[in-house]
Structure formats: C-alpha cells, structure tokens
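A.B. asks: Below you'll find the structure I mean.
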Amino acid sequence: MTRRFRLLAGGLFALLLASQPALAQQERVTGWGRGITGQTFFAAGESEEWLPFVRTQGGQIALHGTVNGKPVLALIDTGAPYTAIDTRFARENGIRLVQTMAPGKNQLRVFAAAIDSMQMGPITQQGGRLSSIDLSPMARVMNQPLTMVLGADYLRNVALEIDFDRGRLRLRASGSKGPEGVAVALSIWGIANRFLISMKVGDVSIPRVLIDTGINATLSVTTPIWKRLPLDPARVTSAQAYSLYGPETWPLARLEGVAIGGATIPGRMDVLADPDGILDSPVEGLIGIEGLRVFNLFLDARAHVMILSPRLYPHRFPAPSTLGVLGFRVPEGFSAKHIMVNSPAAKAGMVDGDVICRVNGQSIASGEPMAREDWAGKPVGTRLELGLCSGKTVAVTLAEFY
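My numbering puts the first residue of the sequence shown at 282, with every later residue one more than the last.
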C-alpha cells in the first residue's frame with residue numbers, strides 16, 4: 282500500500298503532507314475489492330445536485346455525510362484502496378467492531394465496522410462493513426475533524442465531478458455524461474483498486490501513474506523513471522517526507538512539459554523521485570491533489586475515463602523556496618526540519634534541526650512583529666542574516682536554485 286505522508290516542500294513551508302454504491306436496486310457485492318463483506322446498496326437515482334466540499338490544510342477535499350444517522354466528514358481519497366471509518370468515532374457511536382482478515386498472503390487480522398446505513402450526497406448504502414482505523418493523526422495534519430475516508434472501492438463505482446473553482450463536487454451515476462474537456466483513459470488495477478492513468482514529462486512516458494486525491498503532492502516517480510528525465514544536476518534539490526516509518530528525503534526538481542494525456546500543465550511543476558520504493562509495482566508515478574487541481578476533474582473509473590476541464594481561475598503552484606529552509610513555526614522562531622540540497626541555506630552551512638530565532642537582528646518568536654512577516658519570501662537577491670538559537674549567525678542571499 283502506498284504510504285501516507287506529509288511532505289515539506291515549496292515556498293517557506295508547506296504541509297504535504299468500503300463500499301460499493303449500486304446503480305441498480307439491491308445490488309450485492311462480495312470480496313475486498315468491492316467492500317470488506319457482502320453488502321446491499323440502494324441508489325437514490327442520478328443527481329445533478331452540487332455539494333460543497335471542505336478543503337483541508339493540505340488542500341485535499343472532504344465531504345459531509347452520515348453513518349448510522351451520525352454526521353461524518355469524509356476525505357475523498359482515490360489513493361486509499363478501501364473506505365474506512367475512525368475507530369474512536371465508531372466506538373463512541375455504538376458501531377459494532379468485528380475482526381476480519383485482511384487480503385493478501387500475510388492474512389493480517391484487522392477490525393471492521395458493521396454499519397446500518399451510510400449517506401453520501403444522493404447515494405445511500407444500507408448495511409455492510411467498513412474498515413476501521415485510527416484517523417486522528419491524519420485529522421491533525423489536515424487540520425480538519427476527519428472521521429471517514431471514502432476510498433477507491435467506493436469511488437470506483439460512481440462518477441465523481443470536482444469543481445475546484447466553486448468549491449463543490451457531485452456524485453453521479455457511472456456512465457453519466459461528463460463535461461467538455463480532455464478525456465484521459467483510466468484503468469483500475471488489482472484488489473487495491475488503483476486508479477491508473479498515463480502521463481509524460483517532456484519526451485519521457487510514464488504509463489502507470491496513480492491518481493491520489495488524498496495527498497497534497499504534485500508528481501512523484503520511481504527511480505527508473507527519474508533517471509530518464511531531462512534533469513540538470515545543478516538544479517536538483519530535495520524535499521523531506523514524514524511517514525509512519527520516519528523522515529524520508531526525496532530528490533526534487535521543477536520541470537516543464539508535464540502532461541496528463543493530451544493536457545499539458547502550464548509552467549514548471551515539482552517532480553519528486555521515490556528512492557525508497559514507496560510506490561508499489563506496477564505503479565511508476567503518483568499525482569496528488571496539488572497536481573490535479575490545475576484542472577476541474579471528472580472521474581468515472583467504471584467507465585474508464587477521466588476528463589480534465591479548464592478552470593475559470595488558473596491554478597498557481599506555490600512559489601518555490603528561494604532560501605531552502607523547510608519546516609514549521611515554533612514558539613521561539615522557525616524550526617528547520619530539512620535544509621534543501623543546493624540551496625542558499627545549505628551553502629551557508631545550515632543543517633537539519635537548526636532553529637532560527639532572529640532575522641536581520643529582529644526576533645521572530647511568537648507574538649513578535651517580525652514573526653508575521655514573510656521574511657523568506659523576499660525578492661531574489663535579498664541578503665538575510667539568520668540568527669540561530671544556538672548562537673550562530675549565518676548570512677544567506679535568496680536565489681532560485683531549482
């Protein structure tokens with residue numbers, strides 16, 4: 282399974298961090314690929330109603346719904362193989378948890394939540410079981426009270442349309458007519474319900490790219506693909522990801538000519554390498570919500586199509602860092618969790634773990650006026666003196682370095 286992580290990249294710092302609704306009355310399905318156990322679903326009919334979505338801190342989208350009549354906030358996550366509910370939510374609301382066996386040769390014991398009903402927009406599910414996991418770490422990172430994940434086993438059976446311009450989505454019957462735009466062939470691979478498309482970076486084809494709306498990433502690729510890309514070693518830097526396995530550092534470059542099917546993404550986009558084999562075979566790349574929201578989306582996995590429609594308001598990627606210090610604010614200033622390779626900060630001798638307390642002699646501790654300024658976003662060529670909490674002072678000149 283693709284690891285869920287948050288990624289520090291872009292600008293000063295950025296967090297980057299089941300069920301099958303039937304379209305025919307009383308359709309019963311079995312097996313993990315379409316829900317944990319046999320389930321009965323009822324469709325309320327095709328709906329044209331738009332539903333407002335909630336945007337997380339990382340840019341992912343979530344939808345309000347109900348389980349057993351109790352309100353839930355569900356992350357729309359095509360990268361999650363199975364739909365899941367938060368274990369604590371299930372227990373607090375009297376939802377029965379049962380043990381079952383996970384698919385695969387290891388036959389791990391996992392918990393499932395036996396539900397009476399689930400409502401998501403126009404679609405009602407009666408009965409069945411959902412995966413049960415602790416969603417609190419994800420909720421904290423995304424800064425939203427997430428209690429559910431709508432995974433690929435659910436989303437593969439509906440047509441999902443996302444209008445990023447107006448902050449809305451709709452769940453429609455598979456086979457519904459999509460909007461005008463560029464049609465891209467979409468396939469579903471394996472019991473993990475992987476949504477796969479093909480992409481290109483320049484002349485390099487990436488035949489099997491996973492669509493993952495649950496992660497705030499642009500594009501990451503396997504090491505063999507990375508080695509074929511038109512890279513300038515002097516313009517390659519790094520980003521750091523945090524997963525259940527600890528920190529992981531990934532090579533990063535900004536490249537032109539990234540295309541999804543026949544739709545080219547304008548300008549340069551962050552592309553990361555996957556040196557540790559996080560992407561499962563046969564997946565050769567992953568495109569996250571940050572790369573996808575260049576367009577408005579129509580996903581109909583059952584009909585094997587994704588449609589990319591132009592946005593009313595062009596999406597702009599976060600400005601690239603010109604300092605190379607990635608991390609987050611702390612009471613005393615700014616904690617540098619990662620110093621990007623080839624960056625001004627790296628050339629000045631900064632290292633992972635440094636904490637910046639002063640900029641040009643002024644404190645950036647919480648509550649200080651300088652703490653509210655975008656001091657790392659000054660124009661290229663700006664010279665800064667960074668006072669570290671250790672007592673050391675380093676001089677840097679902001680520059681484009683990747």
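Ideal Cβ placement from N, Cα and C applies to all residues, glycine included.
Sort out for me which residues DSSP pairs M429 with in a bridge.
C.D. replies: Start at 1 with the first residue of the sequence shown, and residue 429 comes out as number 148. Answer is A355 and I366, bridged to M429.
A.B. asks: Quick check on this structure: which residue in G658, R437, L665 and I570 has the alpha carbon closest to the alpha carbon of T603?
C.D. replies: Indexing the sequence shown from 1 puts residue 603 at position 322. Comparing Cα positions, the closest option is G658.
A.B. asks: In the DSSP output, which residue or residues are listed as bridge partners for F476?
C.D. replies: As a working note, residue 476 is residue 195 in the sequence shown. DSSP, once it has assigned bridges, lists I469 as partnering F476.
A.B. asks: Could you check the C-alpha separation between F615 and A600 for me, to the nearest Å?
C.D. replies: For the purposes of this step, residue 615 is taken as residue 334 along the sequence shown, with counting starting at 1. For the purposes of this step, residue 600 is taken as residue 319 along the sequence shown, with counting starting at 1. Answer to the nearest angstrom: the Cα atoms are 19 Å apart.
A.B. asks: So, with DSSP's three-state summary, where would you put T504?
C.D. replies: For the purposes of this step, residue 504 is taken as residue 223 along the sequence shown, with counting starting at 1. If DSSP states are grouped into helix, strand and coil, T504 belongs with the helices.
A.B. asks: Flag this pair as yes or no: are the beta carbons of I342 and V335 separated by less than 8 Å?
C.D. replies: Residue numbering aside, residue 342 sits at position 61 when the sequence shown is read from its first letter. Residue numbering aside, residue 335 sits at position 54 when the sequence shown is read from its first letter. In contact: I342 and V335 (Cβ atoms closer than 8 Å).
A.B. asks: For G630, which residues in the same chain have their Cβ closer than 7 Å to its Cβ, ignoring the five residues on either side in sequence?
C.D. replies: Within the sequence shown, residue 630 is the residue found at index 349, counting from 1. So the list reads V675, once near-sequence residues are dropped.
A.B. asks: Quick one: using the 10 Å Cβ neighbour count with 16 as the cut-off for buried, is D551 buried or exposed?
C.D. replies: As a first step, residue 551 is located in the sequence shown; it is residue number 270 there, counting from the start. Buried: at least 16 other Cβ atoms inside 10 Å.
A.B. asks: Comparing C-alpha positions only, which one of A473, E373, I396 and L354 sits nearest to A420?
C.D. replies: Numbered from 1 along the sequence shown, position 139 holds the residue referred to as residue 420. The candidate whose alpha carbon is nearest that of A420 is L354.
A.B. asks: At a cut of 8 Å, does the segment 405-422 reach the segment 442-458 through at least three beta carbon pairs?
C.D. replies: The segment 405-422 is not in contact with the segment 442-458.
A.B. asks: Decide yes or no for the touch test of the segment 460-472 against the segment 538-549: beta carbon pairs closer than 8 Å, at least 3 of them.
C.D. replies: Because the criterion of three Cβ pairs below 8 Å is met, the segment 460-472 and the segment 538-549 touch.
A.B. asks: Helix, strand or coil for R315 per DSSP?
C.D. replies: Here the question's residue 315 lines up with position 34 in the sequence shown. Below a pLDDT of 50, predicted positions are generally treated as unreliable, and R315, at 39, falls in that range; the measurement from the model is reported next regardless. DSSP places R315 in coil when its eight states are reduced to three.
A.B. asks: For G566, does the three-state DSSP call read helix, strand or coil?
C.D. replies: By 1-based counting over the sequence shown, the position of residue 566 is 285. Strand.
A.B. asks: For E330, I'd like the list of residues in its chain whose CB is within less than 8 Å of its CB, leaving aside the five on either flank, ordered along the chain.
C.D. replies: To locate residue 330, count along the sequence shown from 1; it is residue 49. Closer than 8 Å at the Cβ level, and outside the excluded window around E330, lie G402, P403 and R451.
A.B. asks: Grouping DSSP H, G and I as helix and E and B as strand, with all else coil, what is M587?
C.D. replies: Taking the sequence shown and counting its residues from 1, one reaches residue 587 at position 306. Correct three-state label for M587: strand.
A.B. asks: For the segment 491-499 against the segment 360-371, are there 3 or more C-beta pairs whose distance is under 8 Å?
C.D. replies: With the cut-off at 8 Å, the segment 491-499 and the segment 360-371 touch.
A.B. asks: Taking C-alpha atoms, which residue in K481, V430 and D397 lies nearest to I506?
C.D. replies: As a position in the sequence shown, residue 506 is number 225, starting the count at 1. Looking at the Cα atoms, K481 is the closest of the given residues.
A.B. asks: Let me know the secondary structure DSSP gives W531 once reduced to three states.
C.D. replies: Translated into positions along the sequence shown, residue 531 becomes position 250. Strand.
A.B. asks: Report, in whole angstroms, the separation of the C-beta atoms of D555 and V502, which I expect to be a contact under 8 Å.
C.D. replies: Locating residue 555 in the sequence shown gives position 274, counting from the first residue. Locating residue 502 in the sequence shown gives position 221, counting from the first residue. Indeed they touch by this definition, with Cβ atoms about 6 Å apart.
A.B. asks: Among the residues of its own chain, which have a CB less than 6 Å from the CB of M423, if the five just before and after it don't count?
C.D. replies: Reading the sequence shown from its first residue, position 142 is the one you call residue 423. Same-chain partners within the cutoff: T337, Q338 and G339.
A.B. asks: Considering only C-alpha positions, which residue in the set N623, S624 and F579 is nearest to A454?
C.D. replies: Numbered from 1 along the sequence shown, position 173 holds the residue referred to as residue 454. Closest by alpha carbon: F579.
A.B. asks: Compute the distance between the beta-carbons of I376 and A395, then report whether it is under 8 Å.
C.D. replies: Locating residue 376 in the sequence shown gives position 95, counting from the first residue. Locating residue 395 in the sequence shown gives position 114, counting from the first residue. In this structure, A395 lies closer than 8 Å to I376 by Cβ.
A.B. asks: CB-CB under 7 Å to P333, same chain, minus the five flanking residues each way: which ones, in chain order?
C.D. replies: Here the question's residue 333 lines up with position 52 in the sequence shown. Result list for P333: G448 and R449, in chain order.
A.B. asks: In angstroms, rounded to a whole number, what distance separates the CA positions of R509 and V640?
C.D. replies: As a first step, residue 509 is located in the sequence shown; it is residue number 228 there, counting from the start. As a first step, residue 640 is located in the sequence shown; it is residue number 359 there, counting from the start. Rounded to the nearest angstrom, the two C-alpha atoms are 41 Å apart.
A.B. asks: Quick check on this structure: which residue in S417, L344, Q400 and L356 has the alpha carbon closest to the alpha carbon of T368?
C.D. replies: Locating residue 368 in the sequence shown gives position 87, where the first residue counts as 1. Closest option to T368, Cα to Cα, is S417.
A.B. asks: So, is P625 buried or exposed, given that buried needs 16 or more other C-beta atoms within 10 angstroms?
C.D. replies: Start at 1 with the first residue of the sequence shown, and residue 625 comes out as number 344. With 16 or more Cβ atoms within 10 Å of its Cβ, P625 is classed as buried.
A.B. asks: Out of D581, I478, D397 and G548, state which residue places its alpha-carbon closest to the alpha-carbon of N438.
C.D. replies: Mapped onto the sequence shown, residue 438 falls at position 157. The shortest Cα separation from N438 among D581, I478, D397 and G548 belongs to D581.
A.B. asks: From what residue to what residue does the alpha helix (DSSP H) around P488 run?
C.D. replies: Start at 1 with the first residue of the sequence shown, and residue 488 comes out as number 207. First-last for P488: V485 to D493, but that is the beta strand (DSSP E), not the alpha helix (DSSP H).
A.B. asks: For the alpha helix (DSSP H) containing M423, name the first residue and the last one.
C.D. replies: By 1-based counting over the sequence shown, the position of residue 423 is 142. Where M423 is concerned, the enclosing alpha helix (DSSP H) stretches over S417 to M423.
A.B. asks: To the nearest angstrom, report how far apart I478 and I568 are at their CA atoms.
C.D. replies: Residue mapping note: residue 478 aligns to position 197 of the sequence shown, counting from 1. Residue mapping note: residue 568 aligns to position 287 of the sequence shown, counting from 1. Whole-angstrom Cα-Cα distance: 10 Å.
A.B. asks: CA-CA distance, R574 and A680?
C.D. replies: Counting from 1 along the sequence shown, the entry for residue 574 is found at position 293. Counting from 1 along the sequence shown, the entry for residue 680 is found at position 399. Their backbone Cα atoms lie some 28 Å apart in a straight line.
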